[in-house]
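Engineer: First residue of the sequence shown? That's 1 in full-length UniProt numbering, and the numbers climb one at a time after it.
For reference, the structure I am asking about is given below.
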Amino acid sequence: MWRRGLLGAGIITGAGWLLATIAPGGRPSTAPGADDGAAVVGERRQGERVLDLAVRSPVLPGLARVRLLLPPGWSRDAGRTWPVLWLLHGAGGGYTSWTAHTDVEELTAGHDVIVVMPDGGRCAGYTDWWNQGAGGEPCWETFHLTELRQILERGYGAGTARAIAGNGMGGLGALAYAARHRGVFRAAASFSGHPHTLLHDPAGLDVADLVEIGARIGRPGGDWTDVWGDPREQRVVWRQHNPYDLADRLAGVRLYVSAGDGGTGPCDPRPGTGRDVVEALAHAGSAEFAGKLAKLGIAVTTHFYRGTHRWPYWQRELRAALPLLLEAIG
Numbered sequence: 001m002w003r004r005g006l007l008g009a010g011i012i013t014g015a016g017w018l019l020a021t022i023a024p025g026g027r028p029s030t031a032p033g034a035d036d037g038a039a040v041v042g043e044r045r046q047g048e049r050v051l052d053l054a055v056r057s058p059v060l061p062g063l064a065r066v067r068l069l070l071p072p073g074w075s076r077d078a079g080r081t082w083p084v085l086w087l088l089h090g091a092g093g094g095y096t097s098w099t100a101h102t103d104v105e106e107l108t109a110g111h112d113v114i115v116v117m118p119d120g121g122r123c124a125g126y127t128d129w130w131n132q133g134a135g136g137e138p139c140w141e142t143f144h145l146t147e148l149r150q151i152l153e154r155g156y157g158a159g160t161a162r163a164i165a166g167n168g169m170g171g172l173g174a175l176a177y178a179a180r181h182r183g184v185f186r187a188a189a190s191f192s193g194h195p196h197t198l199l200h201d202p203a204g205l206d207v208a209d210l211v212e213i214g215a216r217i218g219r220p221g222g223d224w225t226d227v228w229g230d231p232r233e234q235r236v237v238w239r240q241h242n243p244y245d246l247a248d249r250l251a252g253v254r255l256y257v258s259a260g261d262g263g264t265g266p267c268d269p270r271p272g273t274g275r276d277v278v279e280a281l282a283h284a285g286s287a288e289f290a291g292k293l294a295k296l297g298i299a300v301t302t303h304f305y306r307g308t309h310r311w312p313y314w315q316r317e318l319r320a321a322l323p324l325l326l327e328a329i330g
């Protein structure tokens with residue numbers, strides 16, 4: 001069932017965040033900016049390894065925030081670079097989601113890698129919005145893979161060996177970014193993501209329904225087709241951002257794909273609350289995507305399990321996928 005809706009770019013904006021960022025414990029940044037003028041306007045250390053950035057971008061409606069986990073011995077003047085692991089959050093999340101809900105800080109301690117956890121909009125789809133063919137903000141893909149990438153490589157020691165992973169919406173983003181930008185990422189992982197955005201279930205929920213719901217949350221009162229257009233009328237645009245349709249472009253990328261079946265599993269509270277239709281849809285799309293990869297002769301590590309759309313599963317899946325991700329960039 002194709003419905004109408006939207007998928008917004010919710011992000012905290014304004015001077016208040018910046019003042020908090022460069023208040024006691026924070027400072028303005030002198031890091032070089034991106035080619036288009038995007039720049040870090042504030043930094044704040046949150047611990048020995050945690051560095052939060054505030055970035056002003058010409059392609060986003062306000063400040064975006066980024067959390068970095070720094071490796072041992074990191075400094076701006078170290079004279080070297082480090083491999084990079086990007087972790088993308090899911091719908092409704094933000095740059096603190098992975099550190100708030102998992103032990104990623106402890107899990108990556110001692111590893112020679114910079115972990116990058118950027119804002120991606122509350123439900124913005126990790127894409128540059130189509131906006132009825134006119135383009136324009138929000139442009140999350142441009143922000144992440146052009147602006148932020150340049151900023152991190154010029155001022156924070158980020159190297160060119162990169163892996164990417166995400167949960168939910170972030171899983172879609174991880175696979176789409178790896179496919180749409182060949183050679184940028186050596187490995188990609190999706191935990192409960194939706195890698196087949198055109199998957200159609202006549203009896204249930206479609207990914208397009210999730211795009212609609214997300215857009216209504218992220219841009220209240222807007223038009224959900226601003227994201228990629230209507231899934232039938234602008235099908236070409238949808239296919240250009242659909243990992244399933246871009247699967248052949250993932251040859252040579254180390255891949256990990258996992259999802260639960262929507263039933264009550266070992267990480268769920270008891271008794272269960274019934275079938276999780278969002279996770280069941282992620283399972284169906286992930287299985288279709290893995291099948292497409294198999295037909296193309298592209299290797300993928302999969303884990304399909306009993307469970308729902310919850311952080312305890314993504315914590316578990318990050319632990320399972322991390323060796324593959326780090327090996328690819330080590």
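In this text, a Cβ means the ideal position worked out from N, Cα and C, and glycines have one as well.
It should be emphasised that the depicted structure is a prediction, and the values quoted were computed from it without experimental measurement.
Any idea which residues DSSP pairs N167 with across the strands?
Structural biologist: Position 167 of the sequence shown, counted from the start, is the residue given in the question as residue 167. Per DSSP, F191.
Engineer: Rounded to whole angstroms, what's the CA-CA distance from L69 to A320? Just pull it up for me.
Structural biologist: Mapped onto the sequence shown, residue 69 falls at position 69. Mapped onto the sequence shown, residue 320 falls at position 320. Their Cα atoms are separated by approximately 19 Å.
Engineer: Roughly how many angstroms lie between the CA atoms of T146 and A34, to the nearest whole one?
Structural biologist: In the sequence shown, residue 146 corresponds to position 146, counting from 1. In the sequence shown, residue 34 corresponds to position 34, counting from 1. Their backbone Cα atoms lie some 8 Å apart in a straight line.
Engineer: Within 10 angstroms of its Cβ, does W314 collect 16 or more other Cβ (buried), or is it exposed?
Structural biologist: Sequence index remark: in the sequence shown, residue 314 carries index 314 (1-based). With 16 or more Cβ atoms within 10 Å of its Cβ, W314 is classed as buried.
Engineer: Should the region 248 to 258 be called in touch with the region 187 to 197, which here means at least 3 C-beta pairs below 8 Å?
Structural biologist: The answer is yes - the region 187 to 197 touches the region 248 to 258, with three or more Cβ pairs under 8 Å.
Engineer: Quick check: the region 294 to 305 against the region 137 to 154, are there 3 or more CB pairs under 8 Å?
Structural biologist: Segments in contact, no.
Engineer: For L107, collect the residues of the same chain with a Cβ closer than 8 Å to its Cβ; drop the 5 residues on either side in sequence, then sort them by chain order.
Structural biologist: If you number the sequence shown from 1, residue 107 lands on position 107. L318, R319 and L322, listed in sequence order.
Engineer: Given a threshold of 16 other Cβ atoms within 10 Å of its Cβ, counted over all protein chains shown, does T21 qualify as buried or as exposed?
Structural biologist: Walking along the sequence shown from the start, residue 21 turns up at place 21. Only weak support exists for where T21 lies, its pLDDT of 44 falling under 50; the coordinates are left without a value.
Engineer: Taking the beta strand (DSSP E) that Y256 belongs to, which residues open and close that run?
Structural biologist: The residue you call residue 256 lines up with position 256 of the sequence shown. Unbroken beta strand (DSSP E) run through Y256: R254 to G260.
Engineer: Tell whether a beta-carbon distance below 8 Å holds between R316 and D268.
Structural biologist: Here residue 316 corresponds to residue number 316 of the sequence shown, with the count starting at 1. Here residue 268 corresponds to residue number 268 of the sequence shown, with the count starting at 1. The answer is no: Cβ separation not under 8 Å.
Engineer: By how many angstroms is the C-alpha of G120 removed from the C-alpha of V278?
Structural biologist: Along the sequence shown, one-based indexing puts residue 278 at 278. Along the sequence shown, one-based indexing puts residue 120 at 120. Computed Cα separation, rounded: 20 Å.
Engineer: Taking C-alpha atoms, which residue in G47, L325 and R65 lies nearest to V55?
Structural biologist: Along the sequence shown, read from residue 1 onward, the residue named residue 55 stands at position 55. The option with the nearest alpha carbon to V55 is R65.
Engineer: Going straight from the alpha carbon of E233 to that of G110, what length do you get?
Structural biologist: Reading the sequence shown from its first residue, position 233 is the one you call residue 233. Reading the sequence shown from its first residue, position 110 is the one you call residue 110. If I take the Cα positions, the gap works out to 50 Å.
Engineer: Which class does G214 belong to by DSSP, given the choice of helix, strand or coil?
Structural biologist: Here residue 214 refers to the residue found at position 214 of the sequence shown. In the structure shown, G214 sits in a helix (DSSP, three-state: H, G or I).
Engineer: G157: which of A294, R122, P72 and D103 sits nearest, CA to CA?
Structural biologist: Locating residue 157 in the sequence shown gives position 157, counting from the first residue. Considering only alpha carbons, the answer is P72.
Engineer: Assign P323 to one of three DSSP states: helix, strand, or coil.
Structural biologist: The residue you call residue 323 lines up with position 323 of the sequence shown. Three-state DSSP puts P323 in a helix.
Engineer: With respect to the alpha helix (DSSP H) encompassing F289, which residues constitute its N-terminal and C-terminal limits?
Structural biologist: In the sequence shown, the residue the question calls residue 289 occupies position 289. It spans V277 to L296 - the alpha helix (DSSP H) in which F289 sits, taken as one unbroken run.
Engineer: How long is the line joining the alpha carbons of L326 and I164, rounded to whole angstroms?
Structural biologist: Translated into the one-based positions of the sequence shown, residue 326 becomes position 326. Translated into the one-based positions of the sequence shown, residue 164 becomes position 164. About 10 Å.
Engineer: How do the region 285 to 305 and the region 77 to 92 stand: do at least 3 beta-carbon pairs fall below 8 Å, yes or no?
Structural biologist: Not touching, per the Cβ criterion.
Engineer: Quick one: Cα of D261 to Cα of A134, how far?
Structural biologist: The residue you call residue 261 lines up with position 261 of the sequence shown. The residue you call residue 134 lines up with position 134 of the sequence shown. Cα-Cα distance, rounded: 38 Å.
Engineer: If we count the other Cβ atoms within 10 Å of its Cβ and call it buried at 16 or more, is S192 buried or exposed?
Structural biologist: Residue 192 sits at position 192 when you count from the first residue of the sequence shown. Flag for S192 reads buried.
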